[in-house]
Amino acid sequence: MRAAGDPELARALEVAARPAPGDDGRALTHGFHAWSARMHPHTAAALIRDVAAPGGVADPFMGGGTVLVEALCAGRPALGADINPVALEVAWARTRLWSLGRSGRLVGVAESVAERAREILASEPVPRGLRELEGGWYDPPALADLWSLDEAIAELQDTGLRRMMRACLSSLVVKASRQRSDSVAELDADHGWVPAGRVPEWLVRRADEHARSLVALREAVPAGTDEPRLALRDARAEVPAFAGTVGLVLTSPPYPGVYDYVQHQARRYALFRLDAREAADQEIGARRQSVRAGWMSVAWRFEQDLGAALTAWRPWLAPGGRVALVIGDGEHPERVIRVLPLIERAAAAAELVVMASVSQQRPVFGPARAQGDEHREEHIVLLEAAG
Ligand SMILES: C[S@@+](CC[C@H](N)C(=O)[O-])C[C@H]1O[C@@H](n2cnc3c(N)ncnc32)[C@H](O)[C@@H]1O
Numbered sequence: 118m119r120a121a122g123d124p125e126l127a128r129a130l131e132v133a134a135r136p137a138p139g140d141d142g143r144a145l146t147h148g149f150h151a152w153s154a155r156m157h158p159h160t161a162a163a164l165i166r167d168v169a170a171p172g173g174v175a176d177p178f179m180g181g182g183t184v185l186v187e188a189l190c191a192g193r194p195a196l197g198a199d200i201n202p203v204a205l206e207v208a209w210a211r212t213r214l215w216s217l218g219r220s221g222r223l224v225g226v227a228e229s230v231a232e233r234a235r236e237i238l239a240s241e242p243v244p245r246g247l248r249e250l251e252g253g254w255y256d257p258p259a260l261a262d263l264w265s266l267d268e269a270i271a272e273l274q275d276t277g278l279r280r281m282m283r284a285c286l287s288s289l290v291v292k293a294s295r296q297r298s299d300s301v302a303e304l305d306a307d308h309g310w311v312p313a314g315r316v317p318e319w320l321v322r323r324a325d326e327h328a329r330s331l332v333a334l335r336e337a338v339p340a341g342t343d344e345p346r347l348a349l350r351d352a353r354a355e356v357p358a359f360a361g362t363v364g365l366v367l368t369s370p371p372y373p374g375v376y377d378y379v380q381h382q383a384r385r386y387a388l389f390r391l392d393a394r395e396a397a398d399q400e401i402g403a404r405r406q407s408v409r410a411g412w413m414s415v416a417w418r419f420e421q422d423l424g425a426a427l428t429a430w431r432p433w434l435a436p437g438g439r440v441a442l443v444i445g446d447g448e449h450p451e452r453v454i455r456v457l458p459l460i461e462r463a464a465a466a467a468e469l470v471v472m473a474s475v476s477q478q479r480p481v482f483g484p485a486r487a488q489g490d491e492h493r494e495e496h497i498v499l500l501e502a503a504g
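If you count by my numbering, then the sequence shown holds residues 118 to 504, one letter each, in order.
As structure tokens, this is what we get:
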């Protein structure tokens, strides 16, 4: 591991960058729903413990909500946002501090949803529009089960249970489909057939697992801690209400040109009838944009976007407040995009300075390897207000 800057802070970052061997990061609600490039919970917990000033913890690129779960466990006010509507639902479902009784209802609700879905399927076919749009991505019984389960969930009267059941179903969508994985939206030639009745079985099991995780989360969170404030919002937006309240902005921005968060969720938008146009316009660092442009323009655009985000967050910082970025180098067909210089310049534009950083080498798998770039790095970078 390569460290730079203030030695004491760099040591704290090194601790955060090294989860214990065998820690798969799936404790509490962390294993609930896939999210590409999720942060290791150890990293989030250690940074909140060792480098946060007093005050709230904010994650403006929250994804599946790892940072928010760890902020809750530290008894901190937690603020989260993302532009992706699926992220909002996943983070919401992972951060509920439900009573034992309410979590305990999840399995019974999942069983009744499965029962009602069977009735719906017996009386109605899968809508033609959905079959035409998504049919190629599923074995027909799996699509029928997903659609009828979603219809049955829509009938639930209790908004919280309805959201939670839909999040449980959402966590199974890619597994039920022929899509290769949550972060590769391609057809998987080796996909195993998903027979009728399999998805409802998975839903009941997932509800049971999640109910147990929610109970464990509630036990881990100090009494009196509120559930996080979550929003569907661009990370570059100003939020005057947060002024001076945040001890640590801890976040993992998209790595330039590596993922396509909006495209990864395409199955879910179609099934749950979500409108992702705004998210597609606002997503920064997306691979789909980067392959159409030269690497210098991708790097420049990323620096501008990150600078705008840092400028928006700086007024949030409480006295002594910091920003910690957990981020990997980007990838472009022409080369690896090294992010540390981009972060330094974006920080300077926002009147922030880099206090310390640590970097670990990772292999390159994409086309940049063919250009001779065999390594990229993942970094934790700590920023403070300049002057
Ligand atoms: C690396 S992921 C965050 C993962 C998260 N730390 C976790 O543990 O699950 C980056 C996130 O940034 C989001 N994102 C991309 N552009 C954004 C924007 N302009 N504003 C807010 N979120 C954005 C993506 O939707 C994605 O969820």
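Beta carbons: idealized from backbone N, C-alpha and C, even for Gly.
As the crow flies, the alpha-carbon of residue 178 is around 42 Å from that of residue 239.
Looking at the DSSP output, residue 196 bridges to 175, 346. Looking at the DSSP output, residue 454 shares a beta bridge with 447.
DSSP, read as helix, strand or coil, puts residue 118 in coil. Taking a C-beta distance under 8 Å as the contact criterion, residue 402 and residue 466 do not qualify as a contact pair. A heavy atom of ligand 1 is found nearer than 7 Å to the CB of residue 177.
For the options 290, 332, 382, the alpha carbon positioned closest to that of residue 222 is the one of 332. DSSP places residue 498 inside the beta strand (DSSP E), whose first and last residues are 492–502.
By alpha-carbon distance to residue 197, the top candidate from 205, 172, 190 is 205. By the beta-carbon neighbour count (other beta carbons within 10 angstroms, threshold 16), residue 482 is exposed. Per DSSP, reduced to three states, the secondary structure at residue 436 is strand.
Taking the CA atoms as reference points, residue 389 sits about 25 Å from residue 176. Taking all protein chains in view, the Cβ of residue 404 is crowded by 16 or more other Cβ atoms within 10 Å, so the residue is classified as buried.
Residue nearest to residue 271 within the set 371, 393, 233 is 233 (criterion: CA-CA distance). Residue 446 sits buried, since 16 or more C-beta atoms from the chains shown fall within 10 Å of its C-beta. Sorting 504, 457, 497 by C-alpha distance to the C-alpha of residue 126 places 497 at the top.
When DSSP reads this structure, residue 170 sits in no beta bridge, so it has no partner. Residue state for residue 249 is assigned as helix, using DSSP reduced to three classes. Inclusion of residue 211 and residue 182 in the CB contact set at 8 Å is warranted, their separation being smaller than that value. In this structure, residue 184 has its CB closer than 7 Å to one or more heavy atoms of ligand 1. Burial state of residue 267 is buried, judged by a 10 Å Cβ sphere holding 16 or more other Cβ atoms. Our two residues, residue 187 and residue 449, have alpha carbons roughly 33 Å apart in a direct line.
Rounded to the nearest angstrom, the gap between the Cα atoms of residue 307 and residue 381 is 19 Å. Residue range 202–211 is occupied by the alpha helix (DSSP H) that includes residue 205. The residue from 461, 153, 490, 168 with its alpha-carbon nearest to that of residue 479 is 490. Listed in chain order, the non-local C-beta contacts of residue 227 below 6 Å within the same chain comprise 320, 321, 324, local neighbours out to five positions each way being set aside. Excluding five sequence positions before and after residue 373, the CB atoms of its chain that fall closer than 6 Å to its own CB belong to 402, 415, 419, 447, 454, given in chain order. When the beta-carbon positions are compared, residue 165 and residue 395 stay at least 8 Å from each other.
Under the three-state reduction of DSSP, residue 268 is assigned to helix. Proximity of the stretch 142–152 to the stretch 276–288 meets the contact definition, three or more beta-carbon pairs being nearer than 8 Å. In the structure shown, the three-state DSSP call for residue 156 is coil.
The secondary-structure analysis by DSSP pairs residue 479 across a beta bridge with 493. Here DSSP, grouped into helix, strand and coil, assigns residue 143 to coil. Cβ contact annotation for residue 439 (same chain, cutoff 8 Å, sequence separation greater than five): 168, 169, 170, 364, 365, 366, 472, 499, 500, 501, in chain order.
Residue 214 and residue 225 have their C-alpha atoms some 19 Å from each other. Beta-bridge annotation (DSSP): residue 296 is paired with 304.
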